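Residue numbers (my numbering): 26 to 90.
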């Protein structure tokens, strides 16, 4: 996380001057993104489960069609 333009400039400069540093960050970022693949689908599935359970708990007269 950078707080301002100066910190961003310093970060980019370090990545350019120290390729191994930039590569480590890139590898870590790629791993993180890969670990999150499917997260949206899992969230939607869980919300659907919760909504279904909630509907089943409602009295019949309050259930939506």
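The C-beta atom is built at its ideal place from N, Cα and C for all residues, glycine as well.
In this text, all values refer to a predicted model and were calculated from it rather than measured experimentally.
Checklist entry - Considering residue 72, what are the terminal residues of the alpha helix (DSSP H) in which it resides? => result 64–82
Item to check | Helix, strand or coil at residue 27 [DSSP, three-state] | outcome: coil
Item to check | C-beta contact flag for residue 39 and residue 47 at 9 Å | outcome: yes
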